[in-house]
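Novice: Following this message is one structure expressed as structure tokens.
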Amino acid sequence: MRISTSVSIKTLIALGVVGASGLAAAQSSSTQAAAAAAQPSNNPGLVAGLLTTTGAATASTIGSTVGAIAGAAAGAGGGAVVVSALPAGVTRLALPGQGGTGAAAAPGGKAWNAWFAVSRNTVSYDYAPLQSSGNVRVGLIGVDYTFNNNIVAGLAIAGDKTDINLNFIGGKLTGKGTTYSPYVGIPLNKNWSADVSVGWGKTTVDTEITGITSRMTDNRRTASLGMSYRRMAGNDNKWMLTGRGSYLAVRDKLGAYTMSNGTFVPDSSVSLSQLRFGGQAAYNLGVLVPYAGLNYIYDVSAPSQAGAANDRDAFQAVLGLKFSVPSGFYGGLQYSSELNRSQIKNNQIMLNMGARF
């Protein structure tokens, strides 16, 4: 039986089209599976390293700030300005920094205090299958009142913006959110003070992976409880030594969402709790006060990413310069860096200013 040349060619073309369609379908299916696997909800370690750390840093910043304000209200240090070193940043992300940095009380007996801090954290997650890097920017503003018994009560509002390159898959993760945190500081004596703060907020998180987009809502809750100590030292009392210990907890709940390709992603949550201890030495040059500090961060509980190092602790080095003027205006500039987490990097620069009125 003879088969015409034209029929043979048509048959080959048809088979080629079917084969190409099958290959394209397989590639499309593979791409969609990769995009789904790379979603934040499916990678708790990635979320903890790039999102939850922002809440931890912010809670730590607010806590150390309140502790410093309450300590100044008690009269320790002859009314010298304190800008507590962190970290934060807030701050693993700290945003704004990790450890506990922020504004603090300024000299004088004025009851109202307003402060703000802006920070930028350069972060990276270096676990091989999920390498990611980028930055987190956080702006904090707070207002508080010191009562006649020296107890301090106030409210801080934080705005955060996240911009992360998902290098492992050529994608992007961005986020923008706000957190509200009422706080209270209680001076116990001229050297010791206690502080507590809680926070709740919402961040919109967007991802773009291999052309597939998604949007989810991150509902965040934070809490911090801390104790701060400070004393003057040296024959001329120009040295100020400070220490701080705190416990903080952060919970990020990512809501369910549907990716642009129709894939449904269920909700998930990531919780982190930490103990933080740190010390700082500052020298009073008059208007300017340089300082250095070291903080230790221990993760009491944290999500584990399968195969990753999942480091439980870190040291954080801090260098800064603060200032204050007799009018009650004060501020500072600080740089901090985590030193020993093998797969998480977090370096922060923070500027803060404030005034009593």
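Letter by letter, the sequence shown follows residues 310 to 666 in our numbering. Every residue gets a Cβ at the ideal spot worked out from N, C-alpha and C, and that includes glycine.
Rounded to a whole number of angstroms, what is the C-alpha to C-alpha distance between Met549 and Met541?
Specialist: Answer to the nearest angstrom: the Cα atoms are 5 Å apart.
Novice: What are the partner residues of Arg539, as DSSP defines its beta bridges?
Specialist: Its beta-bridge partners are Thr551.
Novice: When the Cβ atoms of the stretch 362-372 are set against those of the stretch 590-597, are three or more pairs found closer than 8 Å?
Specialist: Counting Cβ pairs under 8 Å, fewer than three are found: no touch.
Novice: Within 10 angstroms of the Cβ of Lys631, are there 16 or more other Cβ atoms? Answer buried if so, exposed if not.
Specialist: Buried, by the Cβ-count rule.
Novice: Out of curiosity, what's the CA-to-CA distance linking Asn546 and Ile378?
Specialist: When rounded, the distance between both Cα atoms is 20 Å.
Novice: At what residues does the beta strand (DSSP E) containing Val427 begin and finish?
Specialist: 421-434 is the extent of the beta strand (DSSP E) around Val427.
Novice: Relative to the alpha-carbon of Ala420, which residue among Val445, Val452, Ser610 has its alpha-carbon at the smallest distance?
Specialist: Per the Cα distances, Val452.
Novice: Looking only at its chain, what residues have a beta carbon closer than 7 Å to the beta carbon of Asn649, apart from the 5 residues adjacent to it on each side?
Specialist: Result list for Asn649: Ala623, Phe624, in chain order.
Novice: I need the straight-line Cα distance from Asn444 to Gln589, nearest angstrom please.
Specialist: Approximately 26 Å between the Cα atoms of the pair.
Novice: How long is the line joining the alpha carbons of Tyr492 and Asp504, rounded to whole angstroms?
Specialist: Their Cα atoms are separated by approximately 7 Å.
Novice: Sort Thr455, Asp527, Pro496 by Cα distance to Thr488 and report the nearest one.
Specialist: Of the candidates Thr455, Asp527, Pro496, the one whose C-alpha sits nearest the C-alpha of Thr488 is Asp527.
Novice: Please return the same chain residues whose Cβ sits closer than 8 Å to the Cβ of Gln336, not counting the five positions on each side in sequence.
Specialist: Model confidence at Gln336 stands at a pLDDT of 44, short of 50, so the residue's coordinates are unreliable; what they give is reported in the following sentence. Result list for Gln336: empty, nothing under 8 Å.
Novice: Classify Gly543: buried if its beta carbon has 16 or more other beta carbons within 10 angstroms, exposed otherwise.
Specialist: The residue in question, Gly543, is exposed, as its Cβ has fewer than 16 Cβ neighbours within 10 Å.
Novice: Verify whether the separation of the beta carbon atoms of Val579 and Pro612 is less than 9 Å.
Specialist: Yes, they are a contact pair.
Novice: Measuring CB to CB, does Gly663 end up less than 9 Å from Val627?
Specialist: Contact: no.
Novice: In whole angstroms, give me the CA-to-CA distance for Gln652 and Asp620.
Specialist: The alpha-carbon atoms of Gln652 and Asp620 are separated by roughly 8 Å.
Novice: By DSSP's criteria, Ala462 is part of a beta bridge. Which residues make up the other side?
Specialist: Partner(s): Tyr454, Val493.
Novice: Using DSSP bridges, identify the partner residues of Asn661.
Specialist: DSSP output for Asn661 lists Ala426, Gly641 as bridge partner(s).
Novice: Quick one: residues in its chain with C-beta nearer than 6 Å to the C-beta of Thr431, no 5 flanking neighbours on either side, listed in chain order?
Specialist: Around Thr431: Asn444, Asn656.
Novice: Rounding to the nearest angstrom, what Cα-Cα distance links Ala385 and Leu355 in this structure?
Specialist: Caution is warranted here: a pLDDT of 43 is assigned to Ala385, below 50, making its placement in the model unreliable, and no coordinate value can be reported.
Novice: Grab the span of the alpha helix (DSSP H) containing Pro353 for me, first residue to last.
Specialist: Note, Pro353: alpha helix (DSSP H), 353-356.
Novice: Within 8 Å, do at least three Cβ pairs link the stretch 527-537 to the stretch 555-569?
Specialist: Cβ pair count under 8 Å is three or more, so yes.
Novice: Per DSSP, what are the beta-bridge partners of Pro599 in this structure?
Specialist: BP columns for Pro599 point to Leu630.
Novice: With a cut-off of 8 Å, do at least 3 Cβ pairs link the stretch 342-349 to the stretch 467-474?
Specialist: No, because fewer than three Cβ pairs between the stretch 342-349 and the stretch 467-474 fall closer than 8 Å, the two stretches do not touch.
Novice: Grouping DSSP H, G and I as helix and E and B as strand, with all else coil, what is Leu581?
Specialist: Correct three-state label for Leu581: strand.
Novice: Since I believe Gln341 is in contact with Ile521 (beta carbons under 8 Å), could you give me their beta-carbon distance rounded to a whole number of angstroms?
Specialist: So it is a contact: roughly 7 Å between Cβ atoms.
Novice: Are the CB atoms of Gly508 and Val461 nearer to each other than 9 Å?
Specialist: No. Outside cutoff.
Novice: What does DSSP give as the partner residue(s) for Ser523 in the beta ladder?
Specialist: Note: Ser523 sits in a beta bridge opposite Thr516.
Novice: Identify whether Gln589 lies in helix, strand or coil by the three-state DSSP scheme.
Specialist: DSSP places Gln589 in strand when its eight states are reduced to three.
Novice: What residues in its chain sit with their C-beta under 6 Å from that of Phe666, if we drop five residues either side in the sequence?
Specialist: Here the set comprises Lys419, Trp421.
Novice: Thinking C-beta only, is Met525 closer than 9 Å to Ser502?
Specialist: Going by C-beta atoms, Ser502 is not nearer than 9 Å to Met525.
Novice: My understanding is that Ile371 touches Ser555, with C-beta atoms under 8 Å, so please give their C-beta distance in whole angstroms.
Specialist: With 8 Å as the limit, Ile371 and Ser555 do not qualify as a contact, their Cβ atoms being about 10 Å apart.
Novice: DSSP state of Ala394, grouped into three classes?
Specialist: With a pLDDT of 32 at Ala394, under the threshold of 50, the modelled position of this residue cannot be trusted, and the question is left open.
Novice: Whose C-beta lies closer than 6 Å to the C-beta of Ile473 among residues of the same chain, with five residues either side of it excluded?
Specialist: Closer than 6 Å at the Cβ level, and outside the excluded window around Ile473, lie Leu359, Ser441, Gly443, Leu482.
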